[in-house]
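This report refers to the structure that appears directly beneath it.
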Amino acid sequence: MRFSDYVSIAVHQLKKNRLRTMLTVLGIMIGIASMITVISVGGGGQQMINDELLKFGINRIWLFSNDLRGPNKLLTLVDAQMLQKVRGVKDVAPSAYEKAYLSRGGTKLIADVVGTTEALFVMEQMGYLEGHGLTKKDIDYVRQVVVLSEEAKDQLFGRGTAVGNKVSINGQKFTVV
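Each step along the sequence shown adds one to the number in numbering that gives the first Met the number 0, with nothing skipped, and position 46 is 45.
What follows is the structure, encoded as structure tokens:
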């Protein structure tokens, strides 16, 4: 048998069983459309997940100076400045964390305090209910300023405004920005 014979037999069978042929073609089309849809949704979902992870900082590196094998040697501002010069590094935000006593009038609380630069506020894209984050001028002029969390603000100031008022941190006065 020649190839043309096979083709003519196939065409004859397709014409003879038109309903079966149409249902088969319809099934193939639905299958292809389903695969295209699944791949498109999967690709879009993957992009959405990647975008969300980037918001959380998957492209960031956190360095800590604690060494469990020896004395604790702190990273310095000079270390941070050197890291800033590394090719590919966009921002460096040196930070120090500690628990401290916050007080205003007769209200006192223990809170986590972060000493940092304005870069942290830019990197974290922090939003503010009132006021603003640290600025370069705050850092350059070593201003005694503080940014309060919503919880600390509510405990110390209630419904009133905090911006421009003073807060004591371990007995030292800071102005809320």
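Note that CB positions come from ideal geometry on N, CA and C, so glycine has one too. Values in this document were obtained by computation on a predicted structure and should not be read as measured data.
Taking the continuous alpha helix (DSSP H) assigned at residue i, which residues delimit it?
i      : result
GLU150 : 149-156
GLU117 : 117-122
LEU73  : Per DSSP, LEU73 belongs to no alpha helix (DSSP H) and is neither H nor E.
ASP137 : 135-139
What are the start and end residues of the beta strand (DSSP E) that includes residue i?
i      : result
LYS14  : From DSSP, LYS14 is part of no beta strand (DSSP E) but of the alpha helix (DSSP H) over 2-15.
LEU101 : 95-103
ILE109 : 106-114
Quick one, which of the options has its alpha-carbon nearest residue i's?
i      : options                     : result
GLY126 : ASP139, ILE138, GLU149      : GLU149
VAL141 : THR115, MET81, ARG1, ILE29  : THR115
ASP78  : GLY87, VAL88, PRO93, LYS89  : PRO93
VAL166 : GLY157, VAL144, LEU13       : VAL144
TYR96  : LEU18, LEU74, THR23         : LEU74
PHE173 : LEU101, GLY26, MET122       : LEU101
GLY105 : PHE156, GLY42, VAL85, LEU62 : PHE156
Using the DSSP secondary-structure output, state which residues sit across from residue i in a beta bridge.
i      : result
LYS165 : THR174
Can residue i and residue j be called in contact, C-beta distance under 7 Å?
i      : j      : result
LEU147 : VAL175 : yes
VAL162 : GLY130 : yes
GLN154 : LEU108 : yes
LYS135 : GLU123 : no
ALA110 : ASN169 : no
THR23  : LEU13  : no
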